[in-house]
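Below is one structure, written out as structure tokens, with a few remarks after it.
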Amino acid sequence: MIRIAATELAQVVAAAEAAYPQECCGLLSGRSQGAGAAREITVTAVYPSPNLAPEPRRNFEIDPALRLRLQRELRDRGDHVVGLYHSHPDGRAQPSPTDLDRAWETDLAWLITAVHGGSAILTAAHVLDVAAQVTFRHVPLVTADWQAPASRAARPEDGVSFD
Ligand SMILES: [Zn+2]
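FYI, the working numbering numbers position 148 of the sequence shown as 139, with every residue one higher than the one before it.
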């Protein structure tokens, strides 16, 4: 599961829309605990990167200098780079075959925002699963500071039986 506050998620979505029709990209810092399928990642900050890919409409490349700078800065705070984000202009919010080819770090969360005609329609999270075969696995993306409204009394239209 990936937790992210609404403010940080909004940053990712805004970057995806601003970069359209090109792909946006950047890094996510935070903390992670647990291992395997039980691993939980909490994103605490979003760091936009210039997209250095030669074909930014079809690909992304995060500035390696940003990664190096973050690794130095975050060490003092106890946070680390927990993931990356990029967008798929007029595509799906899931990793492409190119993404899989270029993914090598198994402990990073991948946030992908699908942008259609300049409007973000979905952001989804994935992690790399490494077993006999390497593939991406979709994981729940939870907005950390969202809460369901307080409960109300059940009504007949809820389908609850009052007999
Ligand atoms: Zn991609």
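Note that CB positions come from ideal geometry on N, CA and C, so glycine has one too.
Bear in mind the structure is a predicted one, so any value in this text is a computation, not a measurement.
Have a look at the options and flag the residue whose alpha-carbon is nearest the alpha-carbon of residue i.
i       : options                       : result
Leu132  : Asp149, Ala145, Ile103        : Ile103
Gln24   : Pro147, Arg58, Arg93, Thr33   : Thr33
Leu61   : Ile53, Glu52, Val72           : Val72
Pro97   : His117, Cys16, Trp137         : The sequence given here has Thr at residue 97, not Pro. Out of His117, Cys16, Trp137, His117 has the C-alpha closest to the C-alpha of Thr97.
Pro47   : Glu31, Ala29, His77           : His77
Ala44   : Ala145, Glu31, Asp136, Asp90  : Asp90
Arg66   : Ser20, Glu(-1), Arg128, Ala28 : Ser20
Val4    : Arg63, Arg49, Leu113          : Leu113
Asn50   : Glu64, Asp92, Glu31           : Asp92
Asp120  : Arg30, Ala145, Asp149, Trp137 : Arg30
Glu(-1) : Arg143, Trp137, Asp149, Tyr11 : Trp137
Please name the residue or residues paired with residue i in a DSSP beta bridge.
i      : result
Asp120 : Thr126
Glu31  : Gln24
Ala133 : Checking the sequence, you will find Val at residue 133 rather than Ala. Answer by DSSP bridge pairing, in chain order: Arg(-6).
Ser40  : Cys16
Please state if the CB of residue j and the CB of residue i are separated by a distance shorter than 8 Å.
i       : j       : result
Leu18   : Leu59   : no
Pro39   : Ala(-3) : no
Ala115  : Ala84   : yes
Gly74   : Ala100  : yes
Gln13   : Pro80   : yes
Ile(-7) : Val125  : no
Gly82   : Ala105  : yes
Ala9    : Cys16   : no
Ala135  : Ile(-5) : yes
Quiz item: In chain order, which beta strand (DSSP E) runs of at least 3 residues are fully inside the region 61 to 124?
Solution: 71 to 80, 100 to 107, 110 to 121
Self-check item: Stretch-stretch touch, CB-based, cutoff 8 Å, three pairs: the region 106 to 116 with the region 42 to 55
Solution: no
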